[in-house]
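Asker:
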Amino acid sequence: MKHLLAALMLMTTPVLAEEGHDHDQPAHAFEIGGLEILHPWTNATDQDHALLFMDLHNAGTARVEILGARLDSGLEGRLVGFRMKDGEMGFESLPPIPVAPGRQLALEPDGLAIRFDGLQAVLEEGHHWEVILLTSAGELEIDVVIEAQDARQHGHAGHSH
Amino acid sequence: MRDSWDSLPVLAQDLIIAGALLLPLLVIGGILLRGFRPLPLVRALMWRFRWANLLFVLLIAVSTGMGIGLIAQERGLRTGSAQAAEKFDLVVTAPGSELTMMLAAVFLQPSAVPLLDGAAYDRIANHPQVQIAAPIAFGDSHDGAPVVGTIAEFVTYLSDGQIEGRIFARSGEAVVGAAIDLRIGDRFTPAHGRGSGADAEAHDGVGIEVVGRMARSGSPWDRAILIPVETVWEVHGLANGHPFEDGDRIGPPFTPELFPGTPAVIVHAGELWANYALRSEFTVAGETMAFFPGTVLADLYRVMGDVRQAMSVMSIVTQVLVAASVLLGLFILTRLFQRQLAMLRALGAPRRFVMAVVWGYGVTLLVAGTMLGLAFGYAAALVLSRIVTHRTDVLVTATITWAEVNLALGFLSAMSVLSLVPALVVLTRPVVENLRQ
Amino acid sequence: MALPLEIKDLEVRAGTRTLLKVGDLSAPAGALIGIRGPSGAGKSTFLHALSGLIEVRGRLCWGEVDLARLRPERRTAFRAHNMGLIFQDFLLFEELSPQANAGLSGLFRTRHDRAPIATRAAEGLARLGVPQGNRTVGSFSGGERQRVAIARALATDPGLLLADEPTASLDRRAADALIEDLTGLLRAGGKTLIAVSHDAHLLERLDRVLTIEDGKVTDDTGVQAA
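Chains as they are written, first to last, in numbering that gives the first Met the number 0: chain A, 0 to 160; chain B, 0 to 436; chain C, 0 to 225.
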């Protein structure tokens, strides 16, 4: 009985530790040319494709176009939009999307995303992924949080900060 | 390997899968039957146990048909509802449940929903990326069919311009859906409300003339009567969105202060990408909510997918139970004719021939049951589709695709392998013992 | 081709129990031999041993072939090519025509053998006076059925015919007619017959009658005067 209790405590302790909000993580906001990039995230996967999501807000004075993204390895990610066609869910390639000053744009599941095909490495939950975002205002290295395989929103969703 | 597979046409892939699924059956059949002619004996057994055989075939057919009908129906429903929502790229409403709003605005299910005001509509209608911003107004009905107020542009867009007669040009005119029992030139008075609570006399004195009919779209809008949104407002004693000086003009632009409100604005953007940008822009906390009906449906399908999986598991369990009972039946029947089989061995028939007869008999039952099952499944899907289409006006078409065929073939193939068991069991008993019975 | 029989120290056992023991026995090709004895004495066991359906010890030679030394599938093949079997209750496929029943062996023989088997089946049926046509044997009388079974046994042109109580299911008249036709056919073809039977009418038409009691041959009347 004692052993069981000890084992249970061992099992629960790390979980409890993780539940506390950890503000020491790398920043989840990036900025280029007035364009703010918030909470970039993706789903963990061992397949060779992934969708990149984020919230964008143009706080600057000029319009910025989102062109796509690329990895250090040179692999390009392209903008895609979720479409329902004949009852089948799928993605369509999209041209660059402008974000006008003061406007917001959400890349989110079943909507807009940047899709990578031909990934070499496995994306593991809890890890981070270096991606270079391509915009008309320049390139920007962002740090993407890898959420659970079945996550539908980033881990900070619902927090009020 | 993967790439060369992906590069094949879908039909070729399906055919290859079907072939691969049938391979065990064909290999076993090839090995067992080579050089032999067991068919007359299989026929004799089919005839001898005809009632039991009929029962087995029906059992297999019903279980296969159930599984197939279910899958086909689920897909039909999915495709049908998605196609019904296809014209609705983006819907903007007051914040609330996306599902409720979608059911109200796209599938015309009556529900009380909050309204967007004239300023909100104006902001949407004047956005540079927005091509059509259609306000809609419901609440009235005629003969059970919803009377929906909207703008002419949207009617043209919804029907792809396929309108018999013409589009409404002034207040008091109507374009009816393909399934509405009114002819061009007919006049009607809308009832206030829908369903059994509709008040037929509330709008006495109002006469609306049918001037056009839309082509069939396979959506609930086939059973709707579309009138200018202004007419709905006027009938209810509200401002009609236009200042007095505008005279009889209908359609946008509307004066925000004179705009009585709309439960939803159906938005069509000039370009595909703009929909995504518009969704972000029109999602304003506490003011408006923008959603893709396709996405809401996708969420719904995910739930449906879970249900389908649960049902698939159930139908597989049923299949397995049927398979077990058919195998048991084969055991019993082979015992009934094991003297004859022993006689074959006594006459000098090789073991392989006796196995070929027993296996061929089992597989004949399975093939007949599976084929009949595909027909049953198709018939079931057809009947269910008719019912759903009739009740919801969402055009659901029943189709049997390779997915179902391959499911049936997989079952057939697996069962054909299992049918070797009774065939082998027959051979384990000594010939002499079987002869003596 | 009929084959001579030669048996030496034949023994059939079930576990530790000896079911049948035959010391020395031989018969020339073309002999018609009857086997009688009380039930449970080992008559059927002897017939099964002679047909290679069970394992035996000792020597059991049909011509040059010693069945005691053959593996089961080889014995099956030997049976297919050299023996015809007749059973007390015919064991026909009631759903099939007399021709299909008589030509049954063709279903599992090589393509080369099929046509001759079908031809001999038809000839045998004709010679035994079986009504031809599309009627299934389900509607046949016992005598007609046993004639179909005989045609089936002879369709492969075997040298040996093994019969287990061939007349037991028939009435007297049918049995006598059958005995007449069967022995006639066999003598004409020079075939060997081994028939287990209680039927005195049958036994008295054969060359030799063995009596088996308690697993042993207790009487061998030898070649009877015709």
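Built from N, CA and C at the ideal position, the CB exists for glycine as well.
In terms of residue numbering, what span does the alpha helix (DSSP H) encompassing Ser25/C cover?
Answerer: Unbroken run through Ser25/C is the beta strand (DSSP E), Arg16 to Ala26; no alpha helix (DSSP H).
Asker: For chain A, check one thing: does any of its Cβ atoms lie closer than 8 Å to the Cβ of Trp401/B?
Answerer: no
Asker: What are the residues of the region 32 to 65 of chain B that lie near chain C, defined by any Cβ-Cβ distance shorter than 9 Å?
Answerer: Gly34, Phe35, Arg36, Pro37, Leu38, Pro39, Leu40, Arg42, Ala43, Leu44, Met45, Trp46 and Arg47
Asker: Output needed in chain order: residues of the region 26 to 58 of chain C with a Cβ under 9 Å from some Cβ in chain B.
Answerer: Those residues of the region 26 to 58 of chain C that come within reach of chain B (Cβ to Cβ, closer than 9 Å) are Ser43, Thr44, His47, Ser50, Leu52 and Ile53.
Asker: Using a Cβ-Cβ cut-off of 8 Å, state whether Gln339/B counts as contacting chain C.
Answerer: So, interface residue.
Asker: Taking only runs of the beta strand (DSSP E) that begin and end inside the region 195 to 234 of chain B, which ones reach a length of at least 3 residues, in chain order?
Answerer: 207 to 213 and 224 to 227
Asker: Assuming Val41/B contacts Thr363/B under a Cβ cut-off of 8 Å, what Cβ separation, rounded to an integer in Å, is found between them?
Answerer: 6 Å
Asker: Report the rounded CA-to-CA distance for Leu84/C versus Pro421/B, giving the unit in angstroms.
Answerer: Taking the straight line joining both Cα atoms gives about 26 Å.
Asker: Starting from the beta carbon of Leu95/C, find every residue of chain B whose beta carbon is closer than 7 Å, and list them in chain order.
Answerer: Pro39 and Ala43
Asker: Please name the residue or residues paired with Phe52/A in a DSSP beta bridge.
Answerer: Within the DSSP bridge table, the entry for Phe52/A names Trp40/A as partners.
Asker: Answer with buried or exposed for Ala378/B, where buried requires no fewer than 16 other C-beta atoms within 10 angstroms of its C-beta.
Answerer: exposed
Asker: With a 10 Å radius around its C-beta and 16 neighbouring C-beta atoms as the bar for buried, classify Arg16/C as buried or exposed.
Answerer: By the 10 Å Cβ count, Arg16/C comes out exposed.
Asker: If I follow the unbroken beta strand (DSSP E) through Arg33/B, where does it start and stop?
Answerer: Counting along the chain, Arg33/B sits inside no beta strand (DSSP E), nor does DSSP assign it H or E at all.
Asker: Grab me the residues of Ala104/B's own chain with a C-beta within less than 6 Å of its C-beta, minus the 5 sequence neighbours each way, in chain order.
Answerer: Val90 and Ala263
Asker: Terminal residues of the continuous beta strand (DSSP E) containing Leu84/C?
Answerer: Where Leu84/C is concerned, the enclosing beta strand (DSSP E) starts and stops at Met82 to Ile85.
Asker: Please list the segments of the beta strand (DSSP E) lying wholly inside the region 63 to 109 of chain A, counting only runs of 3 or more residues, in order along the chain.
Answerer: 63 to 69, 75 to 84, 87 to 92, 96 to 98 and 103 to 106
Asker: Classify Val316/B: buried if its beta carbon has 16 or more other beta carbons within 10 angstroms, exposed otherwise.
Answerer: That one is exposed.
Asker: Is the beta carbon of Ser104/C closer than 8 Å to that of Ala154/C?
Answerer: yes
Asker: Any C-beta of chain B sitting closer than 8 Å to the C-beta of Phe81/A?
Answerer: Interface residue, yes.
Asker: Residues of chain A with CB under 9 Å from Leu381/B, in chain order?
Answerer: Near Leu381/B there are no residues of chain A at all, since even the closest Cβ is about 18 Å away, more than 9 Å.
Asker: Verify whether the separation of the beta carbon atoms of Glu286/B and Gln103/A is less than 8 Å.
Answerer: no
Asker: Between which residues of its own chain and Ala6/A is the CB-CB distance below 7 Å, once the five residues before and five after are set aside?
Answerer: Because the pLDDT of Ala6/A is 45, which lies under 50, any placement of that residue in the model is unreliable, and the question is left without a value.
Asker: In the DSSP assignment, the beta strand (DSSP E) including Val143/A goes from what residue to what residue?
Answerer: Gly137 to Glu146
Asker: Can you find a CB in chain B that lies within less than 8 Å of the CB of Asp149/A?
Answerer: no
Asker: If you reduce the DSSP assignment to three classes, tell me which class Arg56/C lands in.
Answerer: strand
Asker: Anything in chain A within Cβ reach of Ala71/B, meaning under 9 Å, just list it in chain order.
Answerer: Under the 9 Å cutoff, chain A gives no residues; its nearest Cβ is about 12 Å from Ala71/B.
Asker: Apply the 10 Å Cβ neighbour rule to His27/A and answer buried if 16 or more other Cβ atoms are within range, or exposed otherwise.
Answerer: buried
Asker: Measuring CB atoms only, is the region 293 to 309 of chain B touching the region 392 to 402 of chain B, in the sense that at least three cross pairs come out at less than 8 Å?
Answerer: no
Asker: Does the contact criterion of 3 or more C-beta pairs under 8 Å hold for the region 408 to 418 of chain B versus the region 7 to 23 of chain C?
Answerer: no
Asker: Mind checking if Met354/B is an interface residue toward chain C, Cβ cutoff 8 Å exclusive?
Answerer: no
Asker: Taking only beta-carbon positions, decide if Arg78/C is within less than 8 Å of chain B.
Answerer: At least one chain B Cβ lies under 8 Å of Arg78/C.
Asker: Give the straight-line distance between the Cα atoms of Pro8/B and Ile399/B, rounded to the nearest whole angstrom.
Answerer: Note on geometry: alpha-carbon atoms of Pro8/B and Ile399/B lie some 19 Å from one another.
Asker: At the 8 Å Cβ level, is Leu346/B part of the contact set with chain C, yes or no?
Answerer: yes
Asker: Can you check whether the C-beta of Asp21/A is within less than 8 Å of a C-beta belonging to chain B?
Answerer: Interpretation of Asp21/A is limited by its pLDDT of 44, a score under 50 that renders its predicted location unreliable; the figure taken from the coordinates is listed afterwards. No, its Cβ sits nowhere closer than 8 Å to a Cβ of chain B.
Asker: At what residue ranges does the region 229 to 303 of chain B contain a whole run of the beta strand (DSSP E), taking only runs of 3 or more?
Answerer: 263 to 268 and 288 to 290
Asker: Does any CB atom of chain B fall closer than 8 Å to the CB of Ile96/A?
Answerer: Between Ile96/A and chain B, the shortest Cβ-Cβ separation is below 8 Å.
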